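J.:
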Amino acid sequence: MLNCPRCHQSLNSKAVTCSHCGTVLKAYGHPGITLHRATSDQPLCETCSYQADDTCTFPQRPYAKECTLYDDITQPKVVANQRYTPRQNPLQSLKFWCQRNPAWLGLLGLLTASFLLTLLAASR
Ligand code: SF4
Ligand SMILES: [Zn+2]
Numbered sequence: 003m004l005n006c007p008r009c010h011q012s013l014n015s016k017a018v019t020c021s022h023c024g025t026v027l028k029a030y031g032h033p034g035i036t037l038h039r040a041t042s043d044q045p046l047c048e049t050c051s052y053q054a055d056d057t058c059t060f061p062q063r064p065y066a067k068e069c070t071l072y073d074d075i076t077q078p079k080v081v082a083n084q085r086y087t088p089r090q091n092p093l094q095s096l097k098f099w100c101q102r103n104p105a106w107l108g109l110l111g112l113l114t115a116s117f118l119l120t121l122l123a124a125s126r
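Numbering (the working numbering) for the sequence shown: 3 to 126.
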């Protein structure tokens, strides 16, 4: 049985905050959340991006040896919601644009035809 580190009341093992005092439990090795542990004497904070950008408010900063929010600054970031746009050559892009926008393509064709007809009429 888990106990709250602040009020020492018993907790549901899936709780993220203490239902008695409201303490956020993520920092205490909650079973559902990865707890990062330092593998050497160096605190995790020294390589944490939240230390680097000064956004961490955890009391164990800057000497945390265990932390659930640790974000390794040396690891490449995967940006969420970034749209994958494969590189295409311009001809392929034009082809895809034509397939996606047949109405605009038709309008462009009509404009070109009327422009050419006007030129022809004017040259007579
Ligand atoms: S999130 Fe954890 S490891 Fe990162 S700076 Fe804060 S306390 Fe340190
Ligand atoms: Zn509590």
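Positions of the beta carbon are idealized from the N, C-alpha and C atoms, including for glycine.
Nothing here was measured: the structure is a model prediction, and the numbers come from that model.
Excluding five sequence neighbours on each side, which residues of the same chain lie with their C-beta closer than 7 Å to the C-beta of Tyr72?
T.: Within the same chain, Tyr72 has close Cβ partners His38, Leu46 and Cys50.
J.: Can you pull the DSSP bridge partners for Glu68?
T.: BP columns for Glu68 point to Arg39.
J.: If you measure from the CB of Thr19, is any heavy atom of ligand 2 nearer than 6 Å?
T.: Not so, every heavy atom of ligand 2 lies at least 6 Å from the Cβ.
J.: Starting from Leu112, trace the alpha helix (DSSP H) both ways and give me its first and last residue.
T.: Pro104 to Ser125 is the span of the alpha helix (DSSP H), which, as asked, contains Leu112.
J.: Kindly give me the distance between the Cβ atoms of Ala40 and Lys67, rounded to whole angstroms, as I take these residues to be in contact under 8 Å.
T.: Between Lys67 and Ala40 the Cβ distance is about 4 Å, and since that is below 8 Å, they are a contact.
J.: Which value, in whole angstroms, describes the spacing of the CA atoms of Val18 and Val26?
T.: About 6 Å.
J.: Tell me where the alpha helix (DSSP H) around Ala54 begins and ends.
T.: Ser51 to Ala54 is the extent of the alpha helix (DSSP H) around Ala54.
J.: Cα separation between Cys9 and Ile35?
T.: Looking at the two C-alpha atoms, the distance is approximately 21 Å.
J.: On the three-state DSSP scale, how would you describe Ser95?
T.: Three-state result, Ser95: helix.
J.: Could you check whether the Cβ of Gln62 sits closer than 6 Å to any heavy atom belonging to ligand 1?
T.: Yes.
J.: Between Gln11 and the rest of its own chain, which residues show a CB-CB distance below 6 Å, the 5 nearest in sequence each way excluded?
T.: Once the five neighbours on either side are set aside, the close Cβ partners of Gln11 are His22.
J.: With a cut-off of 8 Å on the beta carbons, I'd call Cys69 and Gln77 a contact; round off their distance for me.
T.: The pair is not a contact, with the Cβ atoms about 15 Å apart (cut-off 8 Å).
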